[in-house]
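Here's the structure we're looking at; comments come further down.
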Amino acid sequence: APPPTGIDSTSYLNQILTRPTFALILETTASILLGLPTKLLDQRFLRMAQDFANSNSIKPLKGKVVVITGCTSGIGLSLTKELHKLGATVVGFGRNPARLTSLQAELEGVHTVRADFENLTDVSKAADEIIAAWSHVDILVNNAGVFDFHCYWQPAIVASGFEKTITVNFLSHVILAEKLTPLLHHESTESPTAVQLSSFFHWSVNGQDLLALGKGDPRVARGGNEGFSVARSYRAYTNTKLASLYYGRAL
1 APPPTGIDST
11 SYLNQILTRP
21 TFALILETTA
31 SILLGLPTKL
41 LDQRFLRMAQ
51 DFANSNSIKP
61 LKGKVVVITG
71 CTSGIGLSLT
81 KELHKLGATV
91 VGFGRNPARL
101 TSLQAELEGV
111 HTVRADFENL
121 TDVSKAADEI
131 IAAWSHVDIL
141 VNNAGVFDFH
151 CYWQPAIVAS
161 GFEKTITVNF
171 LSHVILAEKL
181 TPLLHHESTE
191 SPTAVQLSSF
201 FHWSVNGQDL
211 LALGKGDPRV
221 ARGGNEGFSV
231 ARSYRAYTNT
241 KLASLYYGRA
251 L
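In our numbering, the protein residues as written are 1 to 251.
Here is the structure:
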C-alpha cells in the first residue's frame with residue numbers, strides 16, 4: 001500500500017520494516033486478499049476491450065496517430081496490437097530491427113522506427129523521423145524501460161554520461177515528448193494525450209535523488225544509482241518511475 005497522505009515515503013518504509021514480523025505477515029496477507037477483486041476486475045475489463053476490438057467493425061481510433069515506445073515486447077507490444085485493432089495508425093519505436101520487421105509483417109499498416117533508447121542522440125534523430133513523416137500525433141505512450149541487472153556490480157554509464165536506467169526509462173522519454181509536442185498540439189489533434197508508464201515502486205523513494213543541489217551536481221546523472229547490489233539497481237529503477245510521474249503531471 002502507498003504511504004498515507006502527509007507521510008514521507010522513506011519514513012513510512014522504515015515504519016513497515018520495524019514492525020513485528022507477525023503483524024507484517026498479517027498486513028501483507030490482507031493486502032493481497034483485498035487486492036484480488038481489483039485484479040480480477042482489471043482482467044474483466046481487459047477481456048471486454050479485447051472482445052470489442054475483435055468483434056466490432058467500428059474502429060473508434062481510426063485516423064488517430066499513436067506513437068508507442070518499446071513496441072516489440074511486453075506492455076508495448078500488447079498496446080500496439082490492441083490499438084491497431086481499434087483502427088489507430090500505430091508508430092512503434094524499438095531497437096531490434098528483426099523484431100520491428102516481424103511486427104510489421106504481423107500487423108499490416110503498423111509503422112516502425114528504430115531507436116536505441118540508451119543513446120539520446122539516436123532518440124532525437126528518431127523523433128525527427130516522426131516529425132518529417134507525420135503532421136500530427138494524437139497519443140504518445142512513453143513505455144520503453146529497463147531494470148539493469150548489470151549494475152549490481154557497478155553503475156552503467158552510457159555514452160551521454162548519464163546512468164543507463166534513468167537514460168532509457170526517463171531522459172529519452174523527455175526528449176521524445178518535447179520534440180513531438182508541436183505535433184501533439186497540432187490543429188488536427190482533438191485531444192492530445194501523453195501516457196507515462198510508471199510503477200507502484202515509485203513511492204519507495206522520496207525524490208531527493210532527483211533534486212540538484214547546485215551546478216554540476218551529479219546525482220541526476222547517476223539516477224541515485226548508489227549502494228550495494230540489489231539496493232543499487234532498485235533505487236535507480238524506482239527513481240525513474242517517480243520522475244516519470246512528475247514529468248507526466250508537468251505535461
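A virtual CB, placed ideally from N, CA and C, is assigned to each residue, including glycine.
Rounded C-alpha distance that separates residue i from residue j
i, j, result
"Val-65", "Asn-119", "25 Å"
"Glu-108", "Phe-117", "25 Å"
"Ser-244", "His-173", "9 Å"
"Leu-140", "Thr-181", "10 Å"
"Ala-236", "Val-158", "14 Å"
"Thr-121", "Val-146", "18 Å"
"Val-123", "Ile-175", "7 Å"
"Thr-238", "Val-205", "7 Å"
"Gly-63", "Thr-240", "32 Å"
"Ala-115", "Lys-125", "8 Å"
"Glu-129", "Gly-248", "24 Å"
"Ser-160", "Gly-94", "19 Å"
"Ala-98", "Thr-72", "10 Å"
Cβ shell of residue i (< 6 Å), same chain only, five flanking positions each side left out
i, result
"Gly-76", "Ile-68, Gly-70 and Asn-143"
"Lys-179", "Ala-127"
"Ser-199", "Lys-241"
Contact belief for residue i with residue j at Cβ below 8 Å, rounded distance in angstroms
i, j, result
"Gly-92", "Thr-80", "5 Å"
"Gln-104", "Val-110", "6 Å"
"Leu-210", "Leu-242", "7 Å"
Close Cβ partners of residue i (< 7 Å) along its chain, the five nearest in sequence each way excluded
i, result
"Leu-61", "Leu-83, Leu-86, Gly-87 and Ala-88"
"His-136", "Val-65, Leu-183, His-186, Ser-188 and Thr-189"
"Ala-177", "Leu-140, Asn-142, Ala-194 and Leu-251"
"Lys-59", "Leu-86 and Gly-87"
Notebook entry, point to check: At which residue ranges does the segment 111-191 contain complete alpha helix (DSSP H) runs of 4 or more residues, listed in the order of the chain?
Noted result: 120-133 and 172-184
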